[in-house]
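Protein chains in written order, with my numbering: chain E, 1 to 222; chain X, 1001 to 1222.
Built from N, CA and C at the ideal position, the CB exists for glycine as well.
Everything below concerns the one structure shown next.
If you want it as structure tokens, here you go:
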């Protein structure tokens, strides 16, 4: 059994890859470079995780066309990254338009070309600041697109085991799976020391606090 | 009104862009390089068409990750291109796995980032050798993905005016729209003179024959 795992190098996707491996899948790692500020750091984390899991392939895909589109602080370096703000009424500016559909379309092409049986993606509906492309209804609609848009002989299951889990749930699972979180990176802003204030840092730190452990990566704010 | 038009440089997508312009849309041209053999020729045709239509943007996207996936004679230069064969029981090897989902995901990101109202794609269910990602059911499923995976304030219509048209219908329409077919390219194999034998050449020549006109591009077989 082979599974395409989308591995960004963050806490969630690394936990996901460990989970897929325990489920018995041989891992085909797919890492996306979409021109995000922290790409170099994320790539090296993703490579480390893939190598620890003895992934049989590591493919990096270039989605830097998102830079041309602008419209997100993750890919437009002139736009400051929104801090976490629970009172914000609109989407944070880290939203990259329809990014998960792009990732899933590529993962499906890769899976169909390589004869893989499954795709694992670490989307979460709860903690992701309301991004529309993290909703269960979006994922269900995409499953239909996969079934209709691939060859009749192709059977690809799309797994999103974290979709209704909190970051804390994921971290408990990851502890059980012995995920080496020192080799993961979540900050949207920095590559040396995590900023501790962007939405991604906020949720990660909250999760480590909830399980009563210290996050092994360095933070500016500590 | 702004529309993202996927312009490959072929006969169909060029006709489509002329159609969208007549419908009153300002054109945002989106051209994909997915490592196909004839890319240089296709790009120059797409640029010419976009400039004739006074497109306000021309964005090229790099989908050469399809080369890494292999599995298609369009992107794997070691695999000979299947000739047209009406008796073939399976998909021709020019099928690029799930390509249209990749194109539509990108087009949606681009449209959402630029505030466009519509996407036009020239897929056809009839003439396209049975590619699964050209079926109306696939397109309908993708419409749902767009609605669910974009912001609530985003409204993007996906138009596929050619989906039930034959190549001959498209050519009649294109004659009416005065599409300059001398600036389009369809051959999967060559860039100097079209081969005349691949599936794409076959359908194009058949259409010109049906309307009783000579295709203005050069062919090896003439």
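Beta-carbon gap between residue i and residue j smaller than 8 Å
| i | j | result |
| --- | --- | --- |
| residue 1061 of chain X | residue 65 of chain E | yes |
| residue 19 of chain E | residue 148 of chain E | no |
| residue 1167 of chain X | residue 1204 of chain X | yes |
| residue 1181 of chain X | residue 1218 of chain X | no |
| residue 126 of chain E | residue 153 of chain E | no |
| residue 158 of chain E | residue 146 of chain E | yes |
| residue 1038 of chain X | residue 1131 of chain X | no |
| residue 63 of chain E | residue 162 of chain E | no |
| residue 226 of chain E | residue 54 of chain E | Residue 226 of chain E lies beyond the range of chain E shown here (1 to 222); nothing can be said about it. |
| residue 102 of chain E | residue 1109 of chain X | yes |
| residue 1120 of chain X | residue 105 of chain E | no |
Any chain B beta carbon closer than 8 Å to residue i
| i | result |
| --- | --- |
| residue 148 of chain E | The chain labelled as chain B is not found among the protein chains of the depicted structure, namely E and X. |
Residue i classed as buried or exposed, judged by whether at least 16 other C-beta atoms fall within 10 angstroms
| i | result |
| --- | --- |
| residue 11 of chain E | buried |
| residue 1051 of chain X | exposed |
| residue 211 of chain E | exposed |
| residue 21 of chain E | buried |
| residue 1155 of chain X | exposed |
| residue 1040 of chain X | exposed |
DSSP state of residue i mapped onto helix, strand, coil
| i | result |
| --- | --- |
| residue 45 of chain E | helix |
| residue 59 of chain E | strand |
| residue 134 of chain E | helix |
| residue 1187 of chain X | coil |
| residue 119 of chain E | strand |
| residue 1100 of chain X | helix |
| residue 1125 of chain X | coil |
| residue 78 of chain E | coil |
| residue 1002 of chain X | strand |
| residue 27 of chain E | strand |
| residue 65 of chain E | helix |
| residue 1213 of chain X | coil |
| residue 201 of chain E | helix |
| residue 1192 of chain X | coil |
| residue 208 of chain E | helix |
| residue 1158 of chain X | strand |
| residue 1034 of chain X | coil |
| residue 1181 of chain X | helix |
| residue 1095 of chain X | coil |
Residue i versus residue j - alpha carbon distance
| i | j | result |
| --- | --- | --- |
| residue 1141 of chain X | residue 1160 of chain X | 13 Å |
| residue 1193 of chain X | residue 1172 of chain X | 24 Å |
| residue 196 of chain E | residue 1112 of chain X | 30 Å |
| residue 124 of chain E | residue 207 of chain E | 14 Å |
| residue 7 of chain E | residue 1049 of chain X | 39 Å |
| residue 1224 of chain X | residue 209 of chain E | Residue 1224 of chain X lies beyond the residue range present for chain X, which begins at 1001 and ends at 1222; the question has no answer from this structure. |
| residue 47 of chain E | residue 107 of chain E | 17 Å |
| residue 1151 of chain X | residue 222 of chain E | 35 Å |
| residue 1137 of chain X | residue 1214 of chain X | 35 Å |
| residue 13 of chain E | residue 1175 of chain X | 52 Å |
| residue 45 of chain E | residue 30 of chain E | 13 Å |
| residue 1033 of chain X | residue 1179 of chain X | 23 Å |
| residue 1144 of chain X | residue 100 of chain E | 14 Å |
| residue 1139 of chain X | residue 220 of chain E | 47 Å |
| residue 68 of chain E | residue 35 of chain E | 10 Å |
| residue 1202 of chain X | residue 184 of chain E | 52 Å |
| residue 3 of chain E | residue 59 of chain E | 13 Å |
| residue 122 of chain E | residue 1005 of chain X | 32 Å |
| residue 186 of chain E | residue 198 of chain E | 10 Å |
| residue 70 of chain E | residue 1133 of chain X | 28 Å |
| residue 191 of chain E | residue 200 of chain E | 13 Å |
| residue 1 of chain E | residue 1001 of chain X | 48 Å |
Residue i CB to nearest heavy atom of the ligand PLP below 7 Å
| i | result |
| --- | --- |
| residue 1121 of chain X | Among the ligands in the structure shown, none appear at all, so the ligand PLP cannot be discussed. |
### Message
Under 8 Å, with one C-beta from each stretch per pair, do the segment 107–120 of chain E and the segment 22–32 of chain E reach the 3-pair mark?
### Response
yes
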